[in-house]
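Asks:
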Amino acid sequence: MANETPLDLLQGTLDMLVLKAVSLGPLHGYGVLLRIQQISQNRLEIQQGSLYPALYRLEHEGWIAGEWGQSENKRRARFYRLTAAGRRRLDAEAKKWNQFADVIAGILRTAPEEV
Amino acid sequence: MSARSRFSTWWRALTRGREMDAHVDEELRFHIESYADDLMQSGVPREEAMRRARAEIGSIAARKEEIRAAWGARLLDQLSGDLRYGARMLARSPGFAAIAIGSLALGIGVNTVIFTAAQHMLFDRLVVPHADQLRLLWWTQPDDGAIEDLWGEHDPDPSGGHRSTSFSYPVYEQLRDTNRAMEELFAFKRLGRQTFSLEGQSEAVQVEMVSGNYFRGLGVRTQAGRGIEDSDDAAPGSGPVAVISDNFWRSRFASAPNVVGRTIRVNTIPLTIVGVAPAGFTGAYSAQSVPDIFLPFSMQPVVAPEAERPSGGPSLLTNTDLWWVMVMGRVRPGTSDQSAEAALNAALNAAVRTTMPANAAKPAPRLLLLDGSRGQNPSASLTQPMYVLMGLAGFVLLLACANLANLLLARAGARAREASVRVALGASRGRVLCQMMTESLMLSMLGGGAGVLLAYTVRNAVPHLLSSSWTPPAFSARFDWRVLTFSVAISIATGVVFGLAPAWESARIEVGTGMKDASRTFSPRRRGLAGKSLVVVQVALSMLLVVGAGLFVQTLSRLSHERLGFNPDHLILFGVEPPQTRYPGVAANPLYARIEARLAAVPGVRAVTLTDIPLISGSVSMHTFIPEGEQRKRQGNRSALSNYTGRTFFSTYGIPIVAGRGFDDTDTEASGKVAVINESLARKFFPHQNPIAKTFETGPSDHPLKPLIVGVCGDAKYDSVRKPPEPTYYLPYWEAQKGVAGVTFAVSTRMETAAIEPSLRKIVAEIDGSVPVLDVRTQNEQIGAKMQHERIFADLTASFGILALVLASIGMYGLMAYAVSRRTNEIGIRMALGAQPGLVLRMILGEASWLTGIGVAAGAGAALGMGRLIGSMLYGLKPWDPYTFFIAAALLSVVAMGASCAPAWRAAHISPMRALRHE
């Protein structure tokens, strides 16, 4: 259990990515995976096993809501959509991420003469 | 984040686990198949695609667990897992489980029973709104104070003198009329039993006289009709009304809805029922007993005119000398108790001055405003015995807990390997601790549950013990939330406190050491010490309880064999209380004489007599006693006990006449007044003289009675078995100036009570149907009832003592069996090296006797300390009675040795080969 710390970070990111993916329209679990891969142009490797616990966790928090529906190939699948609380959460997360990324990028861009 | 969604998902995970399981299954299958489809489209063969898709998701079971955890069900999942595991472990060692649960059930059951009775007797409040605000008025005065005539209870005051709650009615009226400090100042008085008749049937009922503001002041609303009001309590005789209690309404009127408006008769006086008191209302006097009928004080001169009234004296309501009514009230909001007390004290002093001018020179009473939430609380005398019982019951529980801790410790040792395997497999120490605590809590809750069931089945044992055979129990034990809270609390406390140490032992196990042979390496010294001290504590507690049992059982036995001075065998008693209105004063004498004569003629009856006060009933009558030749108003104790009796009293009770004669046919209402005195009285008042043919003076100074002493009888106990006989004189009942209102007949017969009771009742009913027959019992039952406290203590402490012995022997057996199993190896080596079985036996028994010795010594010390608390409750022996201590020590030694015998024998017969292979 000593390697839990990096997972936490990954989890946080995964939650945000899931919320983003679902914000573009209701998706089933596999759909979420495909959409993230598609948007990221396959540059992100998602652990498929960790996707479902994340979906359920987000549902537990009330950010997404799951409902049974029909998939494109006429099978029963669970579709997730973003709730109002989820949208607020996504906005807040995105803002925080962007600030964070800016700061980090700023630090990394700093040339020696600027210090 | 929303609490609602969190709760709803959590709730779904808990309650619809199976459905959720199926859904997750379906969802994951859909994912795997979709992924596999995509892989197949990119040319991967079907088999391979499915394999890769499954591999990506990983273990379905693990995902499901993560999902349930995501929905917050993890703690409960763990708990239910622990519970299931715990249940399996307990089922695997049913002996252990039975002993642990059984001993806890006994411990908790005993405590629940005692607590049920104790909370009732010690803590029950009057069933009125805001009982805590009620204040009861008391007064205290020095022994030579202004108040001389009292009808009611009085206690010695801790600061000298005595105190009482009784006030004279004129003083009450004055207090009430001048009252500013209290909201309402209302009064009440239990009149004792009065004759009630309805449709020609008579019986005795308890009557409480109340003031017109009583129901208003208490804040009690009747459940039907109205309460007694000020208009009922105006001029004497102005309020011929009654309120009946809920109990009486149910038992006597079968809860008839139209009871209000019906006419009943009390002492033959017709009264109209105006209301029914609410259920549970016990009046203001006591929370433990309920009066049947409430009457306004205004009816006292009509309904009970003879009550405590000196012949020719004023009515109770105008009598300024006799103090008898109780007064209660609530302090006005914004007034402190102190200032209310001060105001009432000033009012009391003024009232005493105006109503008792003759006693103005004597020290005045001082008013005390004390808690009235429990009424007069006549069970206050039970407080100390109740605390002693609760303490002893607590020791029983402690014993049971020590057993549990010991068993758990032994198990923790035995399960060290299991614990280290769990730790090695990645369980945190917290999880192991949690698992162990779950198990001990499970045991304690099971024990607690069984204990509560046990207590529920015997819940009426204490109330039953507290009642006599001819009266219903004063209360029935209620199982309410307080009792349940108490039991649950002690169960949880037991599980936590006594499970923590063993669980901690398990959790701190080192992986490496635990995986080796646990029995040798698992902190043996520490465990040994803990176990041994627990057993020493058990033996000590048992010693304490067994000594206590011995002392109380012997007290009862000595009391039962005490010389009474009269022969209580084959005597059947019953009370006759003629209605005062029909038989005022001496008018009852012919009735008594007729009943006596008719009873004497019943076949099988050898003798009949009657007494004013039955023997060994707890009451006495005490009067001035001025021997011939002395003057009244002399200093010193000039009083003696007295009793009015029938003519054949001495022969019926087998009290010997040692000089002169008893009463005989020559003593009639027309002849001169005569008396018989006992030897103590003769010694005290007529030292070195012959008292026969002397006279003495008694009764009120304005109407003194001067009987002639015609005989001296042997000393006989009067009110209590515990007290030595006191100076007592006996008068024929027809000499009583104001008559005897209510007597107890004593019928000497070898017939059973049940066989003769119908003819007794028939005779009285034939003579006068309005006279009820009360409390048919034998004299021995009467004596037994007076010893009920001693009997309760003997019964309860004896059962505690037996429980203690059982628990201690279990503890000793457990420790020794564990020690032997742990030392199998060592013993095997010793025997291989030539030790004889006898030596091994002695070694094990030696250890047991050491522990027992220490425990017995410690317990004896504690018992000596306890002796100071219970000394006053014993009779005929000292709390350090060496015989009791010796027997208890011997008993414990035998039990402890007996319990160690089996393990020791097993140790002595260990085969060296097997023992060494045990490694």
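Protein chains in written order, with our numbering: chain A, -6 to 108; chain B, 11 to 929.
Cβ atoms here follow ideal geometry from the backbone N, Cα and C, with glycine treated the same way.
On a predicted model such as this, the values are computed, not experimentally measured, just so you know.
1. Using beta carbons (cut-off 8 angstroms, strictly below), is G18/A in contact with chain B?
2. Tell whether a beta-carbon distance below 8 angstroms holds between T345/B and A287/B.
3. What's the call for K727/B, buried or exposed, on a 16-neighbour Cβ count within 10 Å?
4. Is N835/B helix, strand or coil when you go by DSSP?
5. Beta carbon of L601/B, beta carbon of I777/B: below 8 angstroms?
6. Report yes or no: is there a C-beta of chain B within less than 8 angstroms of the C-beta of Q92/A?
7. Going by DSSP, which residues form a beta bridge with Q151/B?
8. Who are Y740/B's beta bridge partners in DSSP?
9. Classify D242/B: buried if its beta carbon has 16 or more other beta carbons within 10 angstroms, exposed otherwise.
10. Let me know the secondary structure DSSP gives I920/B once reduced to three states.
11. Using only the alpha-carbon positions, how far apart do V547/B and V507/B sit?
12. Among residues of its own chain, excluding the 5 on either side of Q82/B, which ones have a beta-carbon nearer than 8 angstroms to its beta-carbon?
13. Answer with yes or no whether the minimum CB distance from R80/A to chain B is below 8 angstroms.
14. Alpha carbon to alpha carbon, what distance is there between S16/A and A58/A?
15. Taking 8 angstroms as the cut-off, does the stretch 701 to 711 of chain B touch the stretch 619 to 636 of chain B (at least 3 CB pairs, one atom from each stretch)?
16. Which stretch, first to last residue, makes up the alpha helix (DSSP H) that contains K796/B?
17. Thinking C-alpha only, which one of L185/B, V753/B, L378/B, M60/B is nearest P588/B?
18. How should G285/B be labelled, buried or exposed, when 16 other C-beta atoms within 10 angstroms of its C-beta is the threshold for buried?
19. Give the secondary structure of R71/A by DSSP, where H, G and I count as helix, E and B as strand, and everything else as coil.
20. Assuming E428/B is part of the alpha helix (DSSP H), what are its boundary residues?
21. Does DSSP classify V750/B as helix, strand or coil?
22. Note down, in chain order, all residues in the stretch 70 to 95 of chain B with a beta-carbon under 7 angstroms from any beta-carbon belonging to chain A.
23. I'd like to know whether the C-beta of L38/B is nearer than 8 angstroms to at least one C-beta of chain A.
24. Would you decide whether R833/B is buried or exposed? Buried here means 16 or more other CB atoms lie within 10 Å of its CB.
25. Verify whether the separation of the beta carbon atoms of L815/B and V866/B is less than 8 angstroms.
26. In the DSSP assignment, find the unbroken alpha helix (DSSP H) run with V362/B in it and report its ends.
27. Does any residue of chain A bring its CB to less than 8 angstroms from the CB of E29/B?
28. How should E158/B be labelled, buried or exposed, when 16 other C-beta atoms within 10 angstroms of its C-beta is the threshold for buried?
29. Enumerated in chain order, which unbroken segments of the beta strand (DSSP E) with a length of 3 residues or greater are wholly contained in the stretch 687 to 730 of chain B?
30. Exposed or buried, which one is W259/B when buried takes at least 16 other CB atoms within 10 Å?
31. For V981/B, which residues in the same chain have their Cβ closer than 6 angstroms to its Cβ, ignoring the five residues on either side in sequence?
32. Can you have a look at M923/B and say buried or exposed, based on whether 16 or more other CB atoms are within 10 angstroms of its CB?
33. Using a C-beta cutoff of 8 angstroms, does T232/B count as contacting chain A?
34. Excluding the five sequence neighbours on either side, which residues of its own chain have a C-beta within less than 6 angstroms of the C-beta of R439/B, listed in chain order?
35. Cβ atoms of E767/B and V781/B: under 8 angstroms apart, would you say?
36. Give me the DSSP bridge partner(s) of H21/A.
Replies: Quick look at the numbers:
1. no
2. no
3. buried
4. helix
5. yes
6. no
7. H172/B
8. N653/B, V686/B
9. buried
10. coil
11. 16 angstroms
12. A quick correction: the sequence has Gly, not Gln, at residue 82/B. Excluding positions up to five away in sequence, the list reads R16, T19, W20, A23.
13. no
14. 12 angstroms
15. yes
16. 789 to 796
17. V753/B
18. buried
19. strand
20. 426 to 434
21. coil
22. R73, E76, I77, A80, W81, G82
23. yes
24. buried
25. no
26. 347 to 365
27. no
28. exposed
29. 718 to 723
30. buried
31. Because chain B spans 11 through 929 in this model, residue 981/B falls outside it and cannot be assessed.
32. exposed
33. no
34. A517
35. no
36. F72/A
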